[in-house]
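In what follows, a single structure is set out as structure tokens and then discussed.
Number of protein chains: 2
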Amino acid sequence: METELSRQLGIEHAIFGFTPFPEVAAAITRAGGFGVLGAVRYTAPDDLARDLDRLHEHADGKPYGLDVVMPAKKVEGVTEADVEAMIPEEHRGFVRELLDRHGVPELAEGEASGWRITGWMEEVARSQLDVAFDYPVKLLANALGSPPADVIARAHDHGVLVAALAGSARHARRHAEAGIDVVVAQGYEAGGHTGEIGSMVLVPEVVEAVAPLPVLAAGGIGSGEQVAAGLALGAQGVWLGSLWLTTEEADLHSEALTAKLLAAGSGDTVRSRALTGKPARQLRTAWTDAWDDPAGPGTLPMPLQGLLVAEAVSRIQKYEVGELLGTPVGQIVGRMTSERSVQAVVDDLTRGFERAVTRVNRIAGRSAT
Amino acid sequence: METELSRQLGIEHAIFGFTPFPEVAAAITRAGGFGVLGAVRYTAPDDLARDLDRLHEHADGKPYGLDVVMPAKKVEGVTEADVEAMIPEEHRGFVRELLDRHGVPELAEGEASGWRITGWMEEVARSQLDVAFDYPVKLLANALGSPPADVIARAHDHGVLVAALAGSARHARRHAEAGIDVVVAQGYEAGGHTGEIGSMVLVPEVVEAVAPLPVLAAGGIGSGEQVAAGLALGAQGVWLGSLWLTTEEADLHSEALTAKLLAAGSGDTVRSRALTGKPARQLRTAWTDAWDDPAGPGTLPMPLQGLLVAEAVSRIQKYEVGELLGTPVGQIVGRMTSERSVQAVVDDLTRGFERAVTRVNRIAGRSAT
Numbered sequence: 077m078e079t080e081l082s083r084q085l086g087i088e089h090a091i092f093g094f095t096p097f098p099e100v101a102a103a104i105t106r107a108g109g110f111g112v113l114g115a116v117r118y119t120a121p122d123d124l125a126r127d128l129d130r131l132h133e134h135a136d137g138k139p140y141g142l143d144v145v146m147p148a149k150k151v152e153g154v155t156e157a158d159v160e161a162m163i164p165e166e167h168r169g170f171v172r173e174l175l176d177r178h179g180v181p182e183l184a185e186g187e188a189s190g191w192r193i194t195g196w197m198e199e200v201a202r203s204q205l206d207v208a209f210d211y212p213v214k215l216l217a218n219a220l221g222s223p224p225a226d227v228i229a230r231a232h233d234h235g236v237l238v239a240a241l242a243g244s245a246r247h248a249r250r251h252a253e254a255g256i257d258v259v260v261a262q263g264y265e266a267g268g269h270t271g272e273i274g275s276m277v278l279v280p281e282v283v284e285a286v287a288p289l290p291v292l293a294a295g296g297i298g299s300g301e302q303v304a305a306g307l308a309l310g311a312q313g314v315w316l317g318s319l320w321l322t323t324e325e326a327d328l329h330s331e332a333l334t335a336k337l338l339a340a341g342s343g344d345t346v347r348s349r350a351l352t353g354k355p356a357r358q359l360r361t362a363w364t365d366a367w368d369d370p371a372g373p374g375t376l377p378m379p380l381q382g383l384l385v386a387e388a389v390s391r392i393q394k395y396e397v398g399e400l401l402g403t404p405v406g407q408i409v410g411r412m413t414s415e416r417s418v419q420a421v422v423d424d425l426t427r428g429f430e431r432a433v434t435r436v437n438r439i440a441g442r443s444a445t
Numbered sequence: 077m078e079t080e081l082s083r084q085l086g087i088e089h090a091i092f093g094f095t096p097f098p099e100v101a102a103a104i105t106r107a108g109g110f111g112v113l114g115a116v117r118y119t120a121p122d123d124l125a126r127d128l129d130r131l132h133e134h135a136d137g138k139p140y141g142l143d144v145v146m147p148a149k150k151v152e153g154v155t156e157a158d159v160e161a162m163i164p165e166e167h168r169g170f171v172r173e174l175l176d177r178h179g180v181p182e183l184a185e186g187e188a189s190g191w192r193i194t195g196w197m198e199e200v201a202r203s204q205l206d207v208a209f210d211y212p213v214k215l216l217a218n219a220l221g222s223p224p225a226d227v228i229a230r231a232h233d234h235g236v237l238v239a240a241l242a243g244s245a246r247h248a249r250r251h252a253e254a255g256i257d258v259v260v261a262q263g264y265e266a267g268g269h270t271g272e273i274g275s276m277v278l279v280p281e282v283v284e285a286v287a288p289l290p291v292l293a294a295g296g297i298g299s300g301e302q303v304a305a306g307l308a309l310g311a312q313g314v315w316l317g318s319l320w321l322t323t324e325e326a327d328l329h330s331e332a333l334t335a336k337l338l339a340a341g342s343g344d345t346v347r348s349r350a351l352t353g354k355p356a357r358q359l360r361t362a363w364t365d366a367w368d369d370p371a372g373p374g375t376l377p378m379p380l381q382g383l384l385v386a387e388a389v390s391r392i393q394k395y396e397v398g399e400l401l402g403t404p405v406g407q408i409v410g411r412m413t414s415e416r417s418v419q420a421v422v423d424d425l426t427r428g429f430e431r432a433v434t435r436v437n438r439i440a441g442r443s444a445t
């Protein structure tokens, strides 16, 4: 499964896997794909360095990437404490009441919230980049708009390709004008922050909008048939995030959450602002229902919502409170029905792709060898 | 572009075109596809017969189909007047106020509302079937659940295949159990009534759910690359509705509406209950905004909403009141940028399909002849 982009990166299959777990990223790379480590959960540069060490060590010398969350616009001198102070008391009360109603225990005295969104803040993302450029990262992706110009320049100085996610042709054109190298066209079906245009419509629109820049198809891809569909739409590869969450190498630190993912159908997700303040697809839970309820106070804008709910999400995850327990995941969750190794997933994708190509050849009346 | 289903129906390309215009349906059939005439706008059986005459006459002896809107559950003895009486005065006032605010003129004294939803009522749909079976219709599609068992039996007695639209694997399984022959898997991107699962995820789910029944991919398809994607996902054909609205053979009776469709982007539609009471994708307008506004009275359930707004929609269309003027259409509207003949559209689809097949073969490292 070779495209210009896969050849440029020196990978066997044009399959890009986004994951917060270094072991998963390394396994995707070892299987011939391109593992991309999500950096948003790292607050301390040392933690990121430790996991990049782990990724590098297990990548067998094959290429990998890093995904940061960096706003293009810098807000000067704003600290986490400044942002905390902007959260209304009504919303803090709503969180307390919601947790009480579901009997969610408190964290222990002095116990840190494990779930952080501070990776969203530019200063944190920049400290991550200082670490990243010490590693032979081949691609730097940004999940939140184009990275700032100096970051793009710095990546290019290091010979690192820069990718950015886009939910519309307009966003994609803005990325192209900013000088990025690869656009990830992420459709409505995708987990995490996503727009309202379905992958079937979005991918070819973005391909046309930024040609000749390479585009990766993201959103709704979890089988080789879907890989073939994304490539038929003009993409030079596919970008998958959700599918790895239930691999054997992943560690969600919660058997209850893994069980929920394995049981969920494609209709069990919702695009909600409950987690970060921007619409992000995630499992639908009593938590998202409460925030999306018009009778409630509603969500706050990013980054306030993320700071507001960080401790609550940690508590829900730690105590595995079933009806509130969720995670960002795409509609493809309906296909995640068993725990498999990353290698088995990649094998399934490449075999399914071959089957689909054979199928469309038959429909086109071609015999292919 | 041949599949088992296209061979069974005796058509050249596995492209199914749904349209309210007999001239468009005939042109799709003449171009080697399968034209399907939407019957929902016909109240009088004679009007349907007149347009089926026209379709038959211009189909050059090639096969075509009919699409009705028939609820599986019969509500005994309920008339249009009974339903009218269930509409709250608050909602009638909201319609009046909205039309006044936008300066929409009244219809002339005694002028009938051209836009009707009475085709939704079972007695009307049944009278349409009495007409349809006089013609060599090869496929009967139902847009609203499985047709009643006696209708399926009657179609099969006439050698007519029965198709039903599904927005989820669960719906599709219900159709299969009811004995239908073809499932149209209609994704979130589609115009008209549609669910929340994107085509990329929905199509293979439905294919698996009803195998070995043939599935058509609908929603977001307007280019040959998208046709290839739908077929790669396991469909035995594609079902397109929106794309024909701006063909030369279509007659929307409104240059303003055609201009709006040609100018709209993929982000200019919304899934709203404003037109029928069930979520249907359509152009986003001041009309849909008003109904979707939480500060307003909200929409009524089907069929109340359709009856409530029928006259208003007729007035908006007749007087071409720009900011209110809309129509059901899918996200593919962004690709509808010029008026072309149906033949040119079909040629574009088949050529694009061939290009996409060549592309995936190259990516798969195959040479195909």
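Residue numbers (the working numbering), protein chains in the order written: chain A, 77 to 445; chain B, 77 to 445.
Quick reminder that beta carbons are idealized off the backbone N, C-alpha and C, glycines included.
Can you tell which of A:Gly428, A:Tyr264, A:Asp327 has its C-alpha closest to the C-alpha of Ser417 of chain A?
-> Check the Cα spacing between Ser417 of chain A and each of A:Gly428, A:Tyr264, A:Asp327: the tightest is with A:Asp327.
Between Glu415 of chain A and the rest of its own chain, which residues show a CB-CB distance below 8 Å, the 5 nearest in sequence each way excluded?
-> Here the set comprises Thr322, Thr323, Glu324, Thr334, Leu338.
Cβ-based contacts, 7 Å cut-off: residues of the region 101-135 of chain A near chain B | The residues in question: there are none.
Is there a Cβ from chain B that is less than 7 Å from the Cβ of Leu309 of chain A?
-> At a cut-off of 7 Å between beta carbons, Leu309 of chain A contacts chain B.
Report the residue ranges of all beta strand (DSSP E) runs contained in full by the region 117-184 of chain B; include only those spanning at least 3 residues, in chain order.
-> Segments of the beta strand (DSSP E) lying fully in the region 117-184 of chain B: 140-144.
Indicate the three-state DSSP secondary structure (helix, strand or coil) for Thr426 of chain A in the structure shown.
-> DSSP places Thr426 of chain A in helix when its eight states are reduced to three.
Pairwise C-alpha distance: Pro288 of chain A and Glu80 of chain A = The C-alpha of Pro288 of chain A is placed about 11 Å away from the C-alpha of Glu80 of chain A.
Please state whether DSSP places His232 of chain A in a helix, a strand or coil.
-> His232 of chain A: helix per DSSP, three-state reduction.
Using a C-beta cutoff of 7 Å, does Gly195 of chain B count as contacting chain A?
-> Note that Gly195 of chain B scores 49 on pLDDT, short of 50, meaning its location in the model is unreliable; the coordinates nonetheless yield the value given after this. The beta carbon of Gly195 of chain B does not come within 7 Å of any beta carbon belonging to chain A, so the residue lies off that interface.
Please name the residue in B:Val389, B:Leu319, B:Gly313 whose C-alpha comes closest to that of Arg411 of chain B.
-> When each option's Cα is compared against that of Arg411 of chain B, the closest is B:Leu319.
Beta carbon of Ile392 of chain A nearer than 7 Å to that of Val180 of chain A = In this structure, the beta-carbon distance from Ile392 of chain A to Val180 of chain A falls below 7 Å.
Taking the C-alpha atoms as reference points, what is the distance between Glu253 of chain B and Phe110 of chain A?
-> Taking the straight line joining both Cα atoms gives about 43 Å.
From Leu124 of chain B to Gly406 of chain B, what does the alpha carbon distance come to, in whole angstroms?
-> So the two alpha carbons sit approximately 25 Å from each other.
Supposed contact pair Phe92 of chain B and Val314 of chain B - C-beta distance, whole angstroms, cut 8 Å = Yes, Val314 of chain B and Phe92 of chain B are in contact; Cβ-Cβ is about 7 Å, under 8 Å.
Apart from the five residues on each side of it in sequence, which residues of its chain come closer than 8 Å, Cβ to Cβ, to Ala239 of chain A?
-> Excluding residues within five positions, the ones whose Cβ falls inside 8 Å are Gly141, Leu215, Leu216, Ala217, Asn218, Ile256, Asp257, Val258, Val259, Val260, Leu292.
Residue burial classification, Ala161 of chain B (beta-carbon count within 10 angstroms, cutoff 16) | Counting other Cβ atoms within 10 Å of its Cβ, Ala161 of chain B stays below 16 and is therefore classed as exposed.
Flag this pair as touching only if the region 294-305 of chain A and the region 385-399 of chain A have three or more C-beta atom pairs under 8 Å; answer yes or no.
-> Flag = no, the region 294-305 of chain A and the region 385-399 of chain A do not touch.
Reduced DSSP category for Thr323 of chain A - H, G, I as helix; E, B as strand; rest coil = Here Thr323 of chain A sits in strand by DSSP.
Alpha carbon to alpha carbon, what distance is there between Glu187 of chain B and Phe209 of chain B?
-> Between the alpha carbons of Phe209 of chain B and Glu187 of chain B lies a distance of about 32 Å.
Ala305 of chain B vs Ala308 of chain A beta-carbon contact at 7 Å | Between Ala305 of chain B and Ala308 of chain A, the gap from beta carbon to beta carbon is short of 7 Å.
Okay, do the region 377-385 of chain B and the region 244-253 of chain B touch, 3+ Cβ pairs below 8 Å being the bar?
-> With the cut-off at 8 Å, the region 377-385 of chain B and the region 244-253 of chain B do not touch.
Partners in chain A for Thr322 of chain B, counting only beta-carbon separations shorter than 9 Å = Contact annotation for Thr322 of chain B against chain A: no contact, minimum CB-CB distance about 16 Å [criterion: below 9 Å].
Which chain B residues are close to Ser299 of chain A, counting only those with a beta carbon under 8 Å from its beta carbon?
-> Among the residues of chain B, those whose CB is under 8 Å from the CB of Ser299 of chain A are Pro280, following chain order.
Report, in whole angstroms, the separation of the C-beta atoms of Gly271 of chain A and Gly243 of chain A, which I expect to be a contact under 8 Å.
-> Right, their Cβ atoms sit about 3 Å apart.
Whole-angstrom C-beta distance between Met146 of chain B and Thr426 of chain B, which should lie under 8 Å | In fact, because the Cβ distance is near 33 Å, the residues do not count as touching under 8 Å.
Given a limit of 8 Å on CB to CB distance, which residues of the region 355-379 of chain B reach chain A?
-> Listed in sequence order: Pro370.
At 8 Å on the CB atoms, spell out the chain A contacts of Gly295 of chain B, in chain order.
-> Against chain A, a Cβ distance below 8 Å from Gly295 of chain B picks out Gly274, Met276.
At a CB-CB cut-off below 8 Å, which residues of chain B make contact with Ser330 of chain A?
-> Simply none; closest approach about 25 Å.
For chain A, find out if any of its Cβ atoms is closer than 7 Å to the Cβ of Ser342 of chain B; answer yes or no.
-> For Ser342 of chain B, the nearest beta carbon of chain A is closer than 7 Å to its own beta carbon.
Segment limits, beta strand (DSSP E) that includes Ser348 of chain A | Where Ser348 of chain A is concerned, the enclosing beta strand (DSSP E) starts and stops at 345-348.
Pull up the CB-CB distance for Glu198 of chain B and Val277 of chain A, whole angstroms please, since I reckon it's below 8 Å.
-> For a cut-off of 8 Å, the C-beta gap from Glu198 of chain B to Val277 of chain A is around 34 Å, too long to register as a contact.
Should Gln302 of chain B be flagged as near chain A, meaning a C-beta pair shorter than 7 Å?
-> Yes - at least one Cβ of chain A is within 7 Å of the one on Gln302 of chain B.
Compare the C-beta of Val436 of chain B against all C-beta atoms of chain A and say whether one is closer than 7 Å.
-> Answer yes: the Cβ-Cβ gap between Val436 of chain B and chain A drops below 7 Å somewhere.
Delimiting residues of the beta strand (DSSP E) encompassing Thr95 of chain B | Going by DSSP, Thr95 of chain B is part of the beta strand (DSSP E) stretching over 91-95.
Would you give the residue range spanned by the beta strand (DSSP E) that Leu113 of chain B belongs to?
-> Here the beta strand (DSSP E) through Leu113 of chain B covers 110-114.
Using the beta-carbon count (16 or more within 10 Å), is Gly42 of chain B buried or exposed?
-> No statement about residue 42 of chain B is possible, as the shown extent of chain B runs from 77 to 445 and does not include it.
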